[in-house]
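Written out below as structure tokens is the structure these notes cover.
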Amino acid sequence: MKRFRLLSILLALAMCLALVACGGDTTGADSGYGSTGQGSGSAANEPPTDGTSGEAGGEPVTPAGRALVVYFSASGNTKKIAGYIAEITGGTMFELVPVNPYTADDLNWRDSGSRVVAEHNNPDRHVELTTTQVENWEAYETVFIGYPIWWQEAAWAVDDFVKNNDFTGKTVIPFCTSSSFGIGNSGELLAQMAGTGDWQEGKRFSSSASKSKVEEWIILP
Ligand SMILES: Cc1cc2nc3c(=O)[nH]c(=O)nc-3n(C[C@H](O)[C@H](O)[C@H](O)COP(=O)(O)O)c2cc1C
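Numbering-wise, this note's numbering comes out as the position in the sequence shown, counting from 1, plus 1056.
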């Protein structure tokens, strides 16, 4: 009898462990970026995911005044979301363009010799942009800033823009696209880098999110 009870307890424990391993916060889960040069995705910019499209999180936002939609996009997904935001808010788009743009080979995170892997491993990385100066910067009260998630952080091509501008008096709303990872603390890290501005929580969209997902997020005044 005692042995039977012990066996039942062990069985229950094993089931709990299995559930924890399969469950968890899927918006933060990721399966391919812990290290470089691994994984089994089919395209350089669409690495393996855990099959979830973590749309969760990201309280709706209401932009005030004129909106500027700043974005960096290496393969077009973030650009598409930036376009939806600009359409919905009537805002102005501003693309962050690296002087040395990323090629498909540069973006191959599975190749340990690729540009992104070298940059990821270099704490002093720096991506020079063609410009970080926005015409009529003072006119914008709300600044959306968009980027792809790279290894669970904001693609570092946005860093120079954030460091070189004064966000005082502006509401800053980060947004990102990713295969599976949530926005995490990417916005907070950018806010620290900027040192000015009223930075909001922001929102993550899946790489292929539709306009209606963006419409759900933005509540016009
Ligand atoms: C170098 C690299 C690293 C990536 N790291 C992640 C990651 O950590 N988590 C994730 O969910 N997606 C990751 N992705 C997928 C991109 O975030 C996703 O494809 C994004 O929509 C690309 O946006 P873009 O087309 O605007 O460049 C990565 C993609 C690349 C190229």
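Note that CB positions come from ideal geometry on N, CA and C, so glycine has one too.
At least one heavy atom of ligand 1 is found less than 6 Å from the C-beta of Thr-1233. Of the other Cβ atoms in all chains shown, fewer than 16 fall within 10 Å of the Cβ of Thr-1187; this residue is therefore exposed. The C-beta distance from Ala-1250 to Val-1218 rounds to 5 Å, short enough to fall under 8 Å. Residue environment for Thr-1233: buried (at least 16 other C-beta atoms within 10 angstroms of its C-beta).
Per DSSP, Glu-1151 is one residue of the beta strand (DSSP E) stretching across 1148 to 1151. In this structure Ala-1265 is buried. Its beta-carbon is surrounded by 16 or more other beta-carbon atoms within 10 angstroms.
In the DSSP annotation of this structure, Lys-1226 is not part of any beta strand (DSSP E), being labelled neither H nor E.
Each residue's CA atom was taken as its position, placing Glu-1244 and Tyr-1140 some 24 Å apart. Here Arg-1181 is near Trp-1212, since their CB atoms are less than 7 Å apart.
Secondary structure at Asp-1254: strand, using DSSP grouped into helix, strand and coil. By the beta-carbon neighbour count (other beta carbons within 10 angstroms, threshold 16), Thr-1227 is buried. Distances from the alpha-carbon of Asn-1220 to those of Phe-1150, Val-1190, Pro-1116 and Leu-1276 put Val-1190 closest.
Per the DSSP secondary-structure output, Val-1199 pairs in a beta bridge with Leu-1124 and Val-1228.
Rounded to whole angstroms, the gap between the alpha carbons of Asp-1222 and Leu-1124 is 14 Å.
With respect to the 7 Å criterion, Ala-1120 and Glu-1197 are classified as neighbours on the basis of their beta carbons.
For Glu-1175, same chain residues with a beta-carbon under 6 Å away, outside a window of 5 residues either side, are Arg-1181 in chain order. Here Ala-1213 carries a helix assignment [DSSP, helix/strand/coil]. In this structure, Asn-1177 keeps its C-beta atom at 7 Å or more from the C-beta atom of Ser-1170.
Burial of Val-1126 is indicated by the presence of at least 16 other C-beta atoms within 10 angstroms of its C-beta.
Between Phe-1261 and Ile-1274, the alpha-carbon positions lie close to 13 Å from each other.
Ligand 1 has a heavy atom closer than 6 Å to the beta-carbon of Ile-1205.
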